[in-house]
Each structure stands twice: as C-alpha cells, then as structure tokens.
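What follows is a short report on a single structure.
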Amino acid sequence: MQKSKRSVSATILLVLGAVYCLIPVLWVLIASSKSSSELFSTFTLAPSTHLWDNIVDLNDYRDGLYWRWMANTALYAGVGAAASTLVSAMAGYALAKFDFRGKSFVFNLILAGVLVPGVLLAIPQYLLLAEAGMTNTYWAVLLPSFISPYGIYLARIFAAASIPTEILEASRIDGSSEWRTFAAVVLPMMRTGLVTVFLFQFVAVWNNFMLPYIMLGDDRLYPITVGLNGLLNQGANQPSMYTSVVTGALISIVPLIALFLTLQRYWQVDLAAGGVKA
Amino acid sequence: MKTTYTPLMAVLTAAVLFTGAACSSSDSPEQATDPDEKVSLTYWTWAPNMDEVTAAWNAKNPNIQVTVNKQDGGDPAVTKLLTAIKAGSGAPDIMQAEYQKIPTLVSSDALADIAGEVGSVKDRFPAGTWNGVTLGSEAVYAVPQDSGPLMFFYRSDVFEKNGLQAPKTWDDYAAAAEKIHKANPKQYLGTFSATDAGLFTGLAQQAGASWWGVNGDAWSVKIDEPATRKVASYWGGLVEKGVIDNKPMYTPEWNAALNDGTQVGWVSAVWAPGVLEGSAKDTKGKWKAAAMPQWDAAAPKTGAWGGSAVGVTTQSKHKKQAAQFIAWLNSDPDALKLLATEANVYPAANDAAGVLTSPPAFFSDQPDFYAIAGEASKQLAPFTYGPNVNVAYSAFNDAFGKAAESKKAAAFTESLTTMQKTTVDDLKNTGFTVAG
Amino acid sequence: MSLITEAAPVEVATPKPPAPRRRKAGGTPYAFLAPALILFAAFLAAPIVYAGYLSLRKVKVSGLGLGSKARTEVWAGFDNYARSLSDPDFLPSVGRIGAYGLIVVPTMLGLALLFALLLDANRTRAGISRVARVSIFLPYAVPAVVASLLWGFLYLPRVSPITDAFEAVGLTAPNLLSSDLTLWAVANIAIWGGTGFNMIVIYTALKAVPSSLYESARIDGASELSIAWRIKIPIVMPSLVMTFVFSLIATLQVFAEPMTLRPLANTISTTWTPLMKVYRDAFARNDLYAAAATSVVIALATFILSFGFLKLVGRRAFDQED
C-alpha cells in the first residue's frame, strides 16, 4: 500500500468534503461564544468570549434542567441501546443458526419492521401506552427503544458471519445448555458486531425526537432534543433563548463526538454482508 | 475471549438493573375522599417562573401541593392534552389554555365544568373576558389568567428623525411605513408574519370580525367577510408596495432586525416588553408603547393576541382542590402580584391595575405604559372562537405563507377564501351543523 | 463506554466456510426469539394494527359539540382514505418528496461512494485521510432536529455567513429559503447528515475486498479510476443497493428537517411532505383518523417501493440464505 502515489486532487476532494461537513459544527462553536446581542450582529465567523457566560445561563435555566436532559438522554440511549442489543443478539443468533418453522415468516416480519417510519408509530404507541398508564414516565421512551428490527437484522448478519457451527456443536457435545452456549460462546464471538449494533441503536435513540416529544409532559423527563426544541419555541409572548439553544446544541453533540472518536473502529458495517457470496 | 466478554455482559446487566431503578417515578393522584387528605396536583403551564408562584400556594396549603410541569408553549401543550384525553389517561390536573383553544378543549371533553367551585370569582374579571371561559353557557370551564390586548410599539428615535408621531389610524401607519422605508430602504415599520395566525386574528378582531358564531344548534364561520377582507387587503397592499417586510416573526433574522434597528415598529400585545428585552437588548430606552392605530379614530377598538385561562381537566381526580388553586392563582391579590412580577404576565383580573404600578423594565421611562394597556383592555372588541381554531390557523399559515411570498395584495384576500372553505369543510366533516 | 479497548474490526464480509448444517433444536430458537417477538408485537405490530383500526373510524359530534358527551366514534369505512388521497395538498407533497429524493439519493450516495473510493485508494496522507473520514462521518452524530436548527441559522440571509461570503466578493446572495431553493436547502441538510454514514458502509465493503483482486490490474498499468470503475464498484454493488434502499426509505420519511425550518420561512407549508401532513392532521387538526389513513398509505408505499426495487435489481429481499 505504501507504494501508491499521493494524489493532490484526491486530497483536495477529501478536504473539501471534510470542510463541508465541519462548517455547521464550526459555526455552532463560534456562535456559542457570543452574547445574545452579538449573536446576530457581529460577523458570523468572528468568535467572542462569552462561552462561559452562556454555559452559566444555560446552567441557570430552571435550576440546571439542561444537565438533567443530558442525563436523561444518556439514560434513554444507553439503557435502550443495551437492552436492544441483547434482544437483537438473541434474535439474530436464532435466525442465523437454527432451522425452525416460521423462520422466514419471522425474518420477513423483522424486515418489514425496518421499513416502518417511527413517526407513524409514535401516536398509536402513545395511545397504547396510555392504556397501561405508562405515558409521561421513563418507561414510555425506553420500552419502545428496546426493539430494533434493524439491530436484529444486523445481528443476524454478524451471527451468520462470525459463529462457526462446529463450535456450537462442540459446546453442545460438552453438555452445555443452550443458554450457556449463547452466553459463553456466542456472545463473545459476536462481541464486535454487537458493539456496532449498540452504537447504531444508541445514535438512533439519542437522535429521536418524535417519540419522547409525544410521550412526555414533564420537562424533567425530556431528552436533549425535546428540551432544546422547547427552549427554541417558548410561545409568542417570550423571547426565544437563542444563545442557550446554540450553547445547548454544542454541548449536546460533544459526548457523541467523543463516542465516535473513541469507538471509530467499530463503525464498520457491511449492510450487504449477509448476501455477498462473490 | 473470557476477559473481553465479561465487560460487555456486565454493562448489559448493569443497564437492565439501572432501568429498574430509574423508572419508578410515575405519579397518578389517588381517589379523594377525605377532605383533610393530602393531594398533589400537576399543573401544565408555559409561563416562566410559575414554580415561584405555586411555591407561595404550596407554603400556605400543605394539603394541596401543586407541581408545575413546564410546557413548550400553547400549541404543544394543547396537543398533548388532547392526546391524553383521547387515550383516557396522562392528562394533568390543571391546564393553562389560550382563550382560542377553550372551545376546542371543551368540545373534546378535556375541561371540567367548575362553575360550582369558581363561579364566585366571576365579578373580578371583565365581562368579555369571562365570556371566553363560559362560552356563553352556564358552565365555567376555566378562570382567566392573563390577557393580551394589542398595542403598538415603535422606535421613538427613528420616528423623531423622520418627523413622525405615533400613528393614530391605519392610514397614518401606512404613511409612516412608506416614509421610513423611503428614507432608509433597509428599515421597515413592521412585517407581515404568516406564521402568527394569532396576531392576524387580533387584527381582524379589531376591525370588527368574529370568525365563528353560534346560531341555535349550528356553528357559523365568517372568516371571508368584509371586516377581515379589509385587514387582509390592507396588509397585502403594504407588502406589495414593499414598505412592510414579508418575513415571519420569531426567527433569528427577525431578532437581529429588531436589535440592529431595521425593524423599527411592532404591532404586538401588552406582553411585548418581555420579548423586546430578550430580542432587542441593544435598543433599550429607544422604544415607546402606544395605543393601536385605528380604523375609526372616533370609536377606538383593539384586538387580542395571546392571553390564557387556567382550567381543570376532566381526568383530574381532585377537581375541587384544583379549582380552589386556580381561583386563588388568578384572583388573589398576592397571587396577581406574583403573576405580574415573576411569571411576567398581564393579569386578566380587574385588580391587576393595583399590582401593576411601575412600567416594565424595558419601558422604564414610560410611566403611562400600564395606563395605555388598561385603556386598551377596555376597548377589546367581542370575538367568538369556534371548535376548530387550529384548522383555521394552519390554513392561515399555508395560504398566507404563499401570499406573503408572492407579495401580491390579491393573494392575501384570496387566502381568506381558502381559510373559510377549509374551516367550514372541517366542521362539516366532523359532523357539526354549519349554518349559512 | 470503556468496555471496548482492543482493536477488533468486524470482518463480516470475509469469505465464509461453506454453509454448514444448521441446528435443529425444538423450542430453543423460539426461546431466543421470544423477547424480540413480544416487543415487536407490543411496540410495532400493535400500533400498526391500531393505526389501521383508527383509519377506519371517525368522530361524530351532536349539536354544538360542547357538551361532555357530544363526541362519539363511529365506523367510517374508507372515508378517511378517500379524503386523505383527494386532499389537494397530498399529491403536491408526494411530488415534492419525489423531487427531493431525486436530489438527495443520487447526490448523497454519489458523494459517499466518491469519498469511500478516495479513502480506499490510499492516495492521501494518512493523517489527512483519517481527519477527513472522521469529519465526514461526524454529522451522523448530530440529531436531525439540531442539524436543521444549525443549517437554519446558516440559511437566513441576514444572519448567514453565506451572505457575508457573497457580499465580500460583490455578489448578491441568493435567498436559500425562497420558493425556488427551499427544496435544495432541505435536501442539503439530509445530504450533510447522511453522506458520512453511507461512506462508512461502502468503505467497509471496499476494505473487505482482497487487494489481490486489483493488484494485477495495477501492475498492468490500469489507472485508479478504471480500477475503481471496473473492479471496485461492481464488487461493492450489493452494499450500494442496500444503502440505496435505506436512503429511499429515509427520503419517504423526511420530516424533522422541514418541520424545524418551517417557522423560519414562508415557503414550507404545513403539508410540505406527506409525514408533515400526517402530523398536521393528527396534531393541528386533532383528526387522528385522517392521520392514521395517510400513515397507512405511506407505510404501504414504502413497502412497495423498497421491496419492488429489490425485486427489480434481481436480489431476493435482503437475501436470507448464507
């Protein structure tokens, strides 16, 4: 690989792509350093010195509610993704490594699930959870995130690709129970794939807006997306809190960026792997 | 293998345990039987600092504890309430609702009749305002909290520079708009905002419109009528001429324009100082408040934008206690004072004048601010809202959005035809009898 | 998040041993599937069935509709569907996402493929290439609501650095939220947010290709371009097909971006996309029934388009044989 020549045009194209993707991030970084009177009046890309003041303002909003939104988001995304990863791993393993009646029906059902827009589900989900008296609780946002058809689909690909059937047979001959085989043999072998599934679902829940927006009435339960939206739309008789929104937006993407940088190597997904036989 | 697998399992297990621990907070009030029983009530409101106001009540009423759930504004709160009502659970005990939403809420069986508990505070409110919470019936669905009489706000320095005075009539306003824009093409006296149906409704109200009406058992819809047409063609004309901007309000751009002096006037309501203080900080001391420009200066009228009441939901299990709280909140002098100072609202109660002695901070050198506001409240023209205000409003957004973008006066009046038809069709489709 | 410490890329696409016999084990697979199926039934199937039910119902009021028992729910047959499909706003919104899809899907996938090939060709300094990869992927971490908010600030003529840039060189900046450009402005947000993710998918597929496959072509003097065109792209075709399907689905569901931009401009109506119409019917109009009917139509259209496309390209849906 080392012998390939450097190419100026390749470099330029990549740098242009990177710049395009970074502009809004750069903008939010600069904008969050401005005071509210500077925000829309000074030159857009000229940074100022009020980042800390803005963070303090944000922190003062309803006694630090912002941090609670961050914590809620971490809870929704972390717990939701962890549970959904376990559920997906079990289902993906069953679909990849067993023959059973109804298998293709179940698989097609899961695929159909991948295609259903979450926005469409939010209202009926609300009405059904209300029957159970669970709206406006953490559960209302968590439970629906435990199922991810897409996660199951990925887990099935990973299970099919990474678990040699011989090892399962060997484990069975050793007299280990099915559950033990799954826990002691299958999960470790699928580990890297499952991290990817976890990351996917984590981002999906982190970015979700519609479901928590509909489910929650108490702003102490909000995730960050719903909370920021609320800061922006305060109703006609109050000014929009642009500086807090901008600063809040900046802080809210920091953890995800950190997650991306540290776990870069797990972002390797071949959607078609299950089908490639070339 | 073993070592790498353990941490993953540990996280999964911890996550599941964490879920169990974190998700135990659900508050549904129990059935009330004992009068001395402690009850806790939830209160959906979007007014700022309402926790401070309820704290005063909670301190005095250890048996009726009210918890504020801050909402994102009038529309999302009503949306959530209606969904909760439809679902049969999930509604708060106490609900703030803008006046125009009350017919919709009553029609959806979301607000309880609390005539028995709060009927006695009727005399503390202006008759027109009280009518908005009874819908002309014997029932009382809410207690008025604040009102939003329209007023006119302008940059006195810019007016002075152009040799202008606060416009007395809409003709004056149009002339001032033209003069200011001619003198400085970057400056506008205002904008026609297609995203603020509430303001347009208030302007139509001032001109004598009343979009809905009741004829026995039938509703009537009177949007595409002369009074509203006059308003639409007036603003359409100004936009077509280019002397008034056509961009929506409440955008970063609009904030910037208020702050840097390119928007030099604002037709708004009594609560405007709070918005200006947040959006146009740099212009403090340059703004003045005035009464609305008039269609007929001899018979001054005004409309309303915003303003809300507080009701008890049909799902509340403690309606009596909830009604006690809202009667106190909106008519007790101590509470009114807190509402005005902490929650920054203009209380609807007659006694409000007593607590609003000094002008809002942003207008600190205009001592007659609340005198103008008080005068405006008395000039509110009557207006009836119907059960599908949201339908008319979203039709307004779409039709007037296109019209404002086209900058054609004709498109403004045509938009009213669309609004009228959409609103009538919706009523008929839901099964309401529509007269005319 | 400290659980992952060592490098272990997912080598899912490496050639696999010949498909071995699967296990036949009575109830075991059902036990493993049970949690997924229960959750699926509760949070996907039941809501869909419920939406289907609602789509056949409607509310009837009596009198002025102000009494407490004035509203009753009745069967509506296919009224809601007829109303929803004949709504004058519906077809334009479908046409709009058609045009939107034609902009977004090819541009996004084209850019994703381009960047993936550039990274794979390894013709850039490692540092630059790593920074570029992370930067391009970064927008995926930004929630659509926040992304639309940020772009919204960048679009508004008065406060936009784009305007500043145009003015600096003596030009008048276009109003990105005017009726001619709104579609592009919304599309840009989707392209910005989605390119990186698709790039990673394609890049992963490229890395899984044994380099021996094109080393010989390279030795024969084939240009990188022709290697990309003749060898690499055909090999990653299955991945491109899948990213296409997922992008198509995302296109049909565009919602958060126009919804967030709507208050900023006159040019985005409340029924700008089909899902926005669903939202308006359900929330602004309080007509869950019409919203449910439109939802069912959108869901069916999504199924037909995505499965239809997979049939067209001649692959069994998400090929389930290993």
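Chains as they are written, first to last, in full-length UniProt numbering: chain H, 1 to 278; chain S, 1 to 436; chain V, 1 to 322.
Yeah, the Cβ is synthetic: ideal placement off N, Cα and C, and Gly gets one too.
For residue i, decide whether its Cβ has a neighbour in chain S, counting only Cβ atoms nearer than 7 Å.
i	result
proline 239(H)	yes
arginine 21(V)	Unreliable positioning characterises arginine 21(V) in this predicted model, as indicated by a pLDDT of 48, which lies under 50. The coordinate reading is nonetheless provided below. Closer than 7 Å: no.
glycine 52(V)	no
alanine 301(V)	no
threonine 135(H)	yes
threonine 270(V)	yes
serine 179(V)	yes
lysine 311(V)	no
aspartate 174(H)	no
Let me confirm a value: residue i is counted as buried when at least 16 other C-beta atoms fall within 10 Å, else exposed. Which label applies?
i	result
arginine 280(V)	buried
glutamate 257(V)	buried
arginine 6(H)	exposed
arginine 229(S)	buried
arginine 155(S)	buried
valine 19(H)	exposed
arginine 262(V)	buried
lysine 378(S)	exposed
phenylalanine 107(H)	buried
alanine 110(S)	buried
threonine 302(S)	buried
proline 62(S)	exposed
Can a CB atom of chain H be found closer than 7 Å to the CB of residue i?
i	result
isoleucine 136(V)	yes
valine 94(V)	no
glycine 308(V)	no
threonine 83(S)	yes
proline 300(S)	no
leucine 109(V)	no
Spatial neighbours of residue i within its chain, please: C-beta separation below 7 Å, excluding the five flanking residues on both sides.
i	result
asparagine 72(H)	Leu221, Tyr222 and Pro223
alanine 31(H)	Leu39 and Val246
tryptophan 75(V)	Leu56 and Arg57
aspartate 157(S)	Lys286
Return the residue from the list the options that minimises the CA-CA distance to residue i.
i	options	result
proline 35(V)	Leu58(H), Ala83(H), Val8(H) and Leu51(H)	Ala83(H)
tryptophan 170(S)	Phe152(S), Val118(S), Gly242(S) and Pro248(S)	Phe152(S)
leucine 102(V)	Asn286(V), Leu248(V), Ala290(V) and Ile268(V)	Leu248(V)
threonine 42(S)	Glu52(S), Pro48(S), Asn69(S) and Lys60(S)	Asn69(S)
alanine 269(S)	Ser147(S), Ser364(S), Trp235(S) and Ala411(S)	Ser147(S)
leucine 156(V)	Leu176(V), Pro143(V) and Leu138(V)	Leu176(V)
leucine 199(S)	Asn397(S), Ala280(S), Trp295(S) and Thr430(S)	Asn397(S)
tyrosine 30(V)	Leu29(H), Asn207(H) and Gly92(H)	Gly92(H)
glutamate 405(S)	Phe307(V), Ala265(V) and Ala46(V)	Ala265(V)
tryptophan 267(H)	Phe246(V), Phe244(V), Asn198(V) and Val297(V)	Asn198(V)
glycine 227(H)	Asn208(H), Gln125(H), Pro164(H) and Asn237(H)	Asn208(H)
valine 119(H)	Ala282(V), Leu39(V), Phe303(V) and Arg96(V)	Ala282(V)
valine 94(V)	Phe309(V), Gly77(V), Ala301(V) and Leu310(V)	Ala301(V)
glycine 248(H)	Pro143(V), Ser129(V) and Thr28(V)	Pro143(V)
serine 171(H)	Thr181(H), Ile163(H) and Thr196(H)	Thr181(H)
Ignore the nearest five residues each way along the sequence and tell me which others in residue i's own chain have a CB closer than 6 Å to its CB.
i	result
valine 355(S)	Leu336, Lys337 and Ala340
phenylalanine 255(V)	Leu275
serine 48(H)	Ser33, Lys34 and Glu38
alanine 115(S)	Ala139 and Val140
Less than 8 Å between C-beta atoms, sequence neighbours within five positions excluded: which residues of the same chain meet that for residue i?
i	result
phenylalanine 90(V)	Ser84, Thr271, Pro274, Lys277 and Thr294
Could you tell me how far apart the beta carbons of residue i and residue j are, in whole angstroms, since I believe they sit closer than 8 Å?
i	j	result
isoleucine 244(S)	glycine 190(S)	5 Å
phenylalanine 362(S)	proline 273(S)	4 Å
isoleucine 110(H)	proline 144(H)	Rounded, the Cβ-Cβ distance is 16 Å, inconsistent with contact.
methionine 419(S)	isoleucine 223(S)	5 Å
alanine 84(S)	alanine 122(H)	Not a contact, Cβ separation roughly 14 Å.
alanine 218(S)	alanine 435(S)	4 Å
alanine 392(S)	tryptophan 211(S)	7 Å
asparagine 136(H)	methionine 215(H)	7 Å
Consider the Cβ of residue i: report whether some Cβ of chain V lies at a distance smaller than 7 Å.
i	result
asparagine 54(H)	no
arginine 6(H)	yes
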